[in-house]
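Chains as they are written, first to last, in numbering that gives the first Met the number 0: chain A, 0 to 255; chain B, 0 to 255; chain C, 0 to 255; chain D, 0 to 255.
Beta carbons: idealized from backbone N, C-alpha and C, even for Gly.
Structure record follows, encoded as structure tokens.
4 protein chains.
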Amino acid sequence: MLSNTRVVVWGEFRHEKADPKVGAIYPLGIHGTIADFLRRDPDLDVSTAWLDQPDHGLGGDVLEKTDVLVWWGHIAHREVSDELVARIHRRVLEGMGLVVLHSGHYSKIFKSLMGTTCSLKWRESTDKERIWNIAPHHPITQGIGDYFEIPAEEMYGEPFGIPAPDELIFISWFTGGEVFRSGATWQRGNGKVFYFRPGHETYPAYHQAEVQKVIVNAVRWARPTVRVPDSCPNSPALEPLPEDPEAAERSTMGFR
Amino acid sequence: MLSNTRVVVWGEFRHEKADPKVGAIYPLGIHGTIADFLRRDPDLDVSTAWLDQPDHGLGGDVLEKTDVLVWWGHIAHREVSDELVARIHRRVLEGMGLVVLHSGHYSKIFKSLMGTTCSLKWRESTDKERIWNIAPHHPITQGIGDYFEIPAEEMYGEPFGIPAPDELIFISWFTGGEVFRSGATWQRGNGKVFYFRPGHETYPAYHQAEVQKVIVNAVRWARPTVRVPDSCPNSPALEPLPEDPEAAERSTMGFR
Amino acid sequence: MLSNTRVVVWGEFRHEKADPKVGAIYPLGIHGTIADFLRRDPDLDVSTAWLDQPDHGLGGDVLEKTDVLVWWGHIAHREVSDELVARIHRRVLEGMGLVVLHSGHYSKIFKSLMGTTCSLKWRESTDKERIWNIAPHHPITQGIGDYFEIPAEEMYGEPFGIPAPDELIFISWFTGGEVFRSGATWQRGNGKVFYFRPGHETYPAYHQAEVQKVIVNAVRWARPTVRVPDSCPNSPALEPLPEDPEAAERSTMGFR
Amino acid sequence: MLSNTRVVVWGEFRHEKADPKVGAIYPLGIHGTIADFLRRDPDLDVSTAWLDQPDHGLGGDVLEKTDVLVWWGHIAHREVSDELVARIHRRVLEGMGLVVLHSGHYSKIFKSLMGTTCSLKWRESTDKERIWNIAPHHPITQGIGDYFEIPAEEMYGEPFGIPAPDELIFISWFTGGEVFRSGATWQRGNGKVFYFRPGHETYPAYHQAEVQKVIVNAVRWARPTVRVPDSCPNSPALEPLPEDPEAAERSTMGFR
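Structural data, given as structure tokens:
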């Protein structure tokens with residue numbers, strides 16, 4: 000029997016408590032709502048964590064036992080400890096999947112994996128977002144048609160300060176006149192990374208069926224194939240080499 | 000008249016002083032040797048900097064006035080200040096070119112732009128390196144034939160922990176049986192990044208004509224087209240939007 | 000003195016003669032209008048060719064002497080001879096640049112270089128097109144701001160049946176609700192290919208300054224660095240090989 | 000119960016009959032040997048086809064019912080009918096997987112999907128090939144370690160005239176001093192394409208466990224997610240458009 004995929008949904012869980020409107024939309028918290036619909040997939044073992052827990056909820060061996068991490072953050076990126084970010088970063092490069100949502104574009108972990116500004120245009124207003132499916136063959140878009148619409152969302156616009164994605168999955172159209180690469184993948188080390196745009200806290204995007212479908216698909220797609228710890232080995236030759244007159248001397252040097 | 004390209008060649012300049020053999024190969028320092036052959040190109044204004052200078056030689060407005068930075072480091076990556084790395088990183092994303100040489104694969108600046116381990120296999124021995132030109136059309140390979148050889152070099156082998164390059168330029172063959180993606184480019188923000196493998200301190204690679212040709216080509220290729228400071232602007236709509244009943248309220252919130 | 004870049008602008012030149020409205024917009028023909036503004040660049044030697052000329056205007060040694068070919072076709076793709084398409088294809092792989100405009104997405108030459116359907120959604124209506132600059136650092140976007148608008152254009156929408164571009168340059172927003180990857184580059188062999196969306200024959204897009212700027216930039220960007228004829232050589236070993244007991248026999252076989 | 004993956008292994012089946020040495024290595028034919036080890040995977044329904052069958056063995060509805068096609072050809076690429084190549088091409092773009100082996104780099108179907116020369120260096124001699132795993136996370140490399148060796152193989156060397164792969168999987172080292180991108184993937188439309196280098200007819204590579212493992216992995220990886228027939232639809236607007244005074248006239252035009 001195959002073991003299940005262990006998923007952790009991480010949320011800031013601040014807006015929901017500070018702003019009654021957000022709390023009314025997400026009474027379980029954003030992380031709780033996402034965990035809720037992921038749990039309908041019997042192949043996923045889903046738990047949650049949030050900023051104000053000890054070690055931001057990701058202490059002990061939690062990360063070591065996580066296959067896919069889902070990340071939502073917005074107003075408190077700087078409060079996430081650098082030590083945790085380094086551990087998540089290492090886990091992704093070893094093989095853990097990472098699904099970054101919405102304002103998570105500015106999270107420390109996403110920026111450290113991209114190596115770029117991750118900046119964008121934005122506007123909180125009354126835009127409709129129409130998300131076009133650019134990759135109908137991709138596992139992440141299965142069950143999604145040519146496009147779907149979110150009736151009201153924060154606008155994110157280009158240019159988006161990311162490295163060229165390995166795969167461009169979605170492009171968004173906004174009423175106010177902008178476009179955005181709203182779904183994209185990157186391989187980083189042995190781990191898969193997916194960024195997905197929707198999910199401003201004042202709109203109910205995570206209650207929408209298509210958004211849920213994409214996130215479930217993405218979590219399944221991001222499951223690890225391997226776990227490879229980092230190493231930078233001194234490797235003996237596989238073929239005969241010419242004699243090395245300085246071999247003895249070298250063996251005592253040991254840079255690196 | 001076009002202004003010249005301002006190039007800074009940065010070196011650790013430690014091996015050359017600590018190890019007489021290295022000092023004998025590079026009496027000007029590795030950075031000095033590289034600057035020397037770059038200066039033969041009349042379009043380049045070349046200066047140098049090294050680790051043990053104040054601010055590692057890159058204080059004041061030096062970086063602000065640099066078009067292309069060439070980086071060689073090896074045993075002292077950790078001594079480079081995080082503050083300087085952040086400034087170089089910002090400058091690359093704005094548009095500055097960066098040419099990273101050899102053991103610079105493990106420099107803070109290269110790792111922060113790649114977002115990955117940048118690890119590899121290695122061996123100091125008697126390998127010959129044959130560098131195959133995979134991209135004969137590319138500006139970086141002009142004047143280089145199908146391949147060239149370095150009679151003795153440190154071996155670097157795959158897997159190399161980098162994100163998929165935007166352009167793969169060179170692949171190396173080593174006597175001992177390994178291969179390596181020894182020349183590759185990445186666009187990061189508005190800046191161009193080129194990694195080039197050769198240049199172990201105990202071998203005279205930077206005195207070899209083909210290696211020099213590649214580095215001159217790379218510096219020319221990496222010149223900025225633009226300089227775009229980072230911004231993440233709140234952007235007004237370009238098309239009419241539905242009325243926003245909460246507009247007044249929003250205007251007092253000001254997240255971000 | 001550097002020799003100039005030899006540019007040939009190819010047009011179908013059918014709509015302009017058959018439809019008085021199109022003829023009124025492009026009295027020089029679409030190809031003639033494009034050639035006209037390219038000629039303002041003193042580094043370009045510009046000529047034109049069209050479908051109903053002998054050999055479609057590209058006979059003799061014209062292609063052999065062309066550095067960059069600009070292609071506009073629409074209703075007569077099938078009339079372009081396969082022999083000519085094969086010659087253009089070979090020239091691109093050798094190093095010639097190719098700029099494909101608008102309905103040229105369905106030309107034989109573009110499809111043969113892409114290897115895909117090159118299909119898309121379309122609508123002739125009253126859409127405005129807003130073209131967003133996704134690559135502010137790229138030579139093709141210099142002088143273009145964050146975006147520019149074409150007041151009325153045919154709509155092209157996703158999904159667009161192309162291989163993932165090497166560089167995504169522009170994404171278009173249309174009034175009717177669609178998005179499109181409207182500027183993209185591909186390296187094919189030693190030649191550069193740029194596809195640019197605008198230019199339906201019933202609208203005056205090629206009279207618009209921003210469209211002209213992009214095409215001039217693209218032609219300059221697409222200039223060859225090399226000219227490498229195709230070969231698939233039997234190559235002697237560069238390193239000693241074990242004895243080959245069947246060497247004599249092999250030398251008489253000569254497959255391939 | 001999920002339906003099985005329907006795999007067709009296509010071979011030229013000429014060398015095996017014309018050359019007793021090849022026949023002795025592959026008494027089932029190359030296609031038969033490959034089919035044989037694929038059949039050990041209970042999820043695969045495997046059949047074979049070859050050049051000298053009517054319709055090259057791919058007539059009727061065979062292709063319509065094929066999920067993944069494996070292709071080995073060498074001396075008779077030109078004998079494969081253009082009509083069949085067009086049908087295979089269409090099926091790949093709809094979603095069928097394609098695994099191209101060894102000298103299939105010069106097959107009509109591979110060249111038409113790549114759009115490039117697909118040329119390379121080659122030598123029939125006594126080279127050993129060491130195939131390095133560049134993508135340890137990839138489904139195609141599971142069960143393969145850092146590298147594996149083929150004791151004797153035809154050499155293929157760079158430059159290899161392909162478009163930049165979507166994913167570079169393997170790089171080969173040859174005794175005689177060359178390197179080669181020996182495993183690579185491309186998405187073409189809705190179909191996955193994998194090229195894998197080994198398999199010269201005079202060597203027993205397809206009897207080797209690692210080669211078999213890679214091919215089984217590749218066939219599983221290449222399975223379709225969707226089947227999307229080509230279309231280029233005239234699409235009504237999704238958002239209100241300005242009035243179109245020429246709408247009636249347009250409706251009678253119907254280019255395209």
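Contact between the stretch 95–108 of chain C and the stretch 128–141 of chain C is absent, with fewer than three C-beta pairs closer than 8 angstroms. Following the DSSP letters along the chain, one finds Gly-94/B in no beta strand (DSSP E), marked with neither H nor E. Nearest C-alpha to Asp-44/B among Asn-189/B, Val-215/B, Glu-242/B and Pro-19/B: Val-215/B.
Our two residues, Trp-172/A and Ile-149/A, have alpha carbons roughly 10 angstroms apart in a direct line.
Per DSSP, reduced to three states, the secondary structure at Ala-48/D is strand. In this chain, the alpha helix (DSSP H) harbouring Asn-216/D covers 208–220. When DSSP reads this structure, Lys-120/D sits in a beta bridge with Gly-156/D. Neighbours of Asn-132/C across chain A, judged by C-beta separation under 9 angstroms: Glu-157 and Pro-158. Residues of chain D with a Cβ closer than 7 angstroms to the Cβ of Lys-120/C are, in chain order, Pro-232 and Ser-234. When the alpha-carbon of Glu-209/D is set against those of Pro-164/D, Gly-142/D and Arg-86/D, the nearest one is in Gly-142/D. In this model, Val-178/D and Glu-157/D are separated by some 6 angstroms (Cα to Cα). Around Asn-189/C, the beta-carbon contacts reaching into chain B at under 7 angstroms are Pro-135 and His-136. Of the other Cβ atoms in all chains shown, 16 or more fall within 10 Å of the Cβ of Glu-11/D; this residue is therefore buried. Distance from Val-6/D to Glu-93/D at the Cβ level is roughly 17 angstroms; contact not present, criterion being Cβ atoms closer than 8 angstroms.
If you draw a straight line from the Cα of Val-84/C to the Cα of Ile-108/C, it comes to about 6 angstroms.
Taken through DSSP and simplified to helix, strand or coil, Glu-128/D comes out as strand.
Counting of Cβ neighbours within 10 angstroms places His-55/C among the buried residues, the total reaching 16 or more. DSSP, reduced to helix, strand and coil, places Thr-201/C outside both helices and strands of the structure shown, so it counts as coil.
If the five residues before and after Ala-34/C are omitted, its C-beta is found closer than 6 angstroms to the C-beta atoms of Val-8, Val-45 and Thr-47, all from its own chain and listed in chain order.
Contacts with chain C at 8 angstroms (Cβ-Cβ) include Ile-170/A. Taking a contact as a CB-CB distance under 8 angstroms, the pair Phe-195/D and Ala-217/D counts as one, their CB atoms being some 6 angstroms apart.
At least one CB atom of chain D sits nearer than 8 angstroms to the CB of Glu-238/C. When CB distances to chain A are screened at a threshold of 9 angstroms, the residues of the stretch 171–182 of chain B falling below it are Phe-173, Thr-174, Gly-175, Gly-176 and Glu-177, in chain order. For Arg-129/B, the chain D residues whose Cβ falls inside 7 angstroms of its Cβ are Gly-176, in order along the chain. Within 8 angstroms of the CB of Leu-83/C, no CB atom of chain D is found; the nearest one sits about 17 angstroms away. Of all residues in the stretch 202–225 of chain C, those with a C-beta nearer than 9 angstroms to a C-beta of chain B are Pro-223, Thr-224 and Val-225, reading in chain order. Put simply, of Ala-75/C, Thr-201/C and Met-154/C the residue whose alpha carbon is nearest the alpha carbon of Trp-121/C is Met-154/C. Of all residues in the stretch 47–80 of chain A, none places a beta-carbon less than 8 angstroms from a beta-carbon of chain D. At least one C-beta of chain B is nearer than 8 angstroms to the C-beta of Gly-114/A. Counting other Cβ atoms within 10 Å of its Cβ, Ser-2/D stays below 16 and is therefore classed as exposed. The three-state reading of DSSP puts Gly-103/C in helix, counting H, G and I together. Taking a beta-carbon distance threshold of 8 angstroms, Val-227/A counts as an interface residue toward chain D.
Here the alpha carbons of Ser-118/D and Pro-53/D stand approximately 30 angstroms from one another. Cβ-Cβ distances below 6 angstroms link Ile-87/C to Ile-108 in the same chain, with the five nearest sequence neighbours on each side left out; the list follows chain order.
Taking Gly-28/A as the centre and dropping the five residues before and after it, the same chain places the C-beta of Gly-10, Phe-12 and Glu-15 closer than 6 angstroms to its C-beta, in chain order. When C-alpha distances from Glu-166/D are compared across Arg-187/D, Gly-175/D, Trp-70/D and Glu-152/D, the shortest belongs to Arg-187/D.
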